[in-house]
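One structure is given below, encoded as structure tokens.
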Amino acid sequence: MPLKFLFFLPLFFIANGKCLAQEQQGQDVIEQDVQETLTIEPKQDSTILIERPKFRPKELYVPAGLMALGLISEGKTKQEVRQWRDKQIPRFRNKFDDYLQFAPHAAVYGFELMGMKPKTDWKNRLAIHAKGHIITIGMAHLMKTLINNERPNGARMSFPSGHTAYAFSGATILAMEYKDNHPWVPYAAYGSAGVVGIMRIANNKHYVSDVLFGAGLGILSMKLAYWTHKYKWNKPKKEKKDPFLGVVY
Numbered sequence: 618m619p620l621k622f623l624f625f626l627p628l629f630f631i632a633n634g635k636c637l638a639q640e641q642q643g644q645d646v647i648e649q650d651v652q653e654t655l656t657i658e659p660k661q662d663s664t665i666l667i668e669r670p671k672f673r674p675k676e677l678y679v680p681a682g683l684m685a686l687g688l689i690s691e692g693k694t695k696q697e698v699r700q701w702r703d704k705q706i707p708r709f710r711n712k713f714d715d716y717l718q719f720a721p722h723a724a725v726y727g728f729e730l731m732g733m734k735p736k737t738d739w740k741n742r743l744a745i746h747a748k749g750h751i752i753t754i755g756m757a758h759l760m761k762t763l764i765n766n767e768r769p770n771g772a773r774m775s776f777p778s779g780h781t782a783y784a785f786s787g788a789t790i791l792a793m794e795y796k797d798n799h800p801w802v803p804y805a806a807y808g809s810a811g812v813v814g815i816m817r818i819a820n821n822k823h824y825v826s827d828v829l830f831g832a833g834l835g836i837l838s839m840k841l842a843y844w845t846h847k848y849k850w851n852k853p854k855k856e857k858k859d860p861f862l863g864v865v866y
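The numbering of the sequence shown is my numbering, which starts it at 618 and goes up by one.
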């Protein structure tokens, strides 16, 4: 069972990116007429979002599902996966996940420098990114401190996985910003975040339950940042009316 579980885990994370991308595309089609009033067309021929995305309950399905799976696998499943890991790759140690967790966050701005078009201007994007970062790290650290579960390697503060939560929050903002013009981005974003989660298990730093819950927490945290953001920059300027216009002499 653990072997099959680990085999399908990366495919699950990539499929998660597909679900989130298709979910948002469906929302974009439904709100196509409305979006025309919520966007402006700058000189560089790109559509810039100036209003917060509308909250839809179905957007909670993926993060809530991942968090639920994390809680469900907290018992026997996490021990089975750990035992399989200890038997198959007992000496595996690699610090690549310590660096890969930052890749989606860096790509949010790196892709734009490469000429790819994001959905949000850089000022609003930076504000959303900072808010999502604070929510992700704050919630993960709070839960780690309060729950204080033991890690597979004997250390403390296991649940949830902070590395995984951070990687998936970065994957979420990266997917949100570039999926409309570059449909492959969600697959790459969530795929790389999934690798981080799998490596946390392989490195004996976390249980599979920590990783699944952390993934859901990261996605939800960044979506909360989008849902609550007020677009204070890049607003279209209101035309000034001539006070004498319409005056009859």
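Beta carbons: idealized from backbone N, C-alpha and C, even for Gly.
Query raised in the report: Beta carbon of E825, beta carbon of I818: below 8 Å?
Result: According to the sequence shown, residue 825 is Val rather than Glu. Yes, these two residues count as a Cβ contact at 8 Å.
Query raised in the report: Nearest to L683 by CA position, among Y843, G833 and G787, is which residue?
Result: G833
Requested in this report: Could you check the C-alpha separation between G727 and I689 for me, to the nearest Å?
Outcome: 37 Å
Query raised in the report: Could you give the distance in angstroms between the alpha-carbon of Y795 and the alpha-carbon of A788?
Result: 11 Å
Query raised in the report: With 16 other CB atoms within 10 Å as the buried threshold, where does D827 fall?
Result: buried
Report task. Look at the alpha carbon of Q696 and the alpha carbon of H799, and state the distance between them as a whole number of angstroms. Result -> 39 Å
Query - Buried/exposed call for Q718, threshold 16 Cβ in 10 Å - result: buried
Query raised in the report: Got a sec, what are the start and stop residues for the alpha helix (DSSP H) Y848 sits in?
Result: Neither: Y848 is in no alpha helix (DSSP H) and is coded neither H nor E.
Query raised in the report: Thinking C-alpha only, which one of P670, N821, F785 and T781 is nearest T737?
Result: P670
**Report entry** alpha helix (DSSP H) runs wholly inside the region 782 to 850, at least 4 long, in chain order
**Finding:** 802 to 819 and 825 to 844
Requested in this report: Verify whether the separation of the beta carbon atoms of P762 and G831 is less than 8 Å.
Outcome: One point to set straight first is that residue 762 is Thr, not Pro, in the sequence displayed. No; because the gap between Cβ atoms is not below 8 Å, this pair is not in contact.
Query raised in the report: Which of helix, strand or coil does DSSP assign to F728?
Result: helix
Query raised in the report: Start and end of the alpha helix (DSSP H) containing F713?
Result: F713 to L717
Query - Residue closest to P721, alpha-carbon to alpha-carbon, out of W844, H823 and V812 - result: V812
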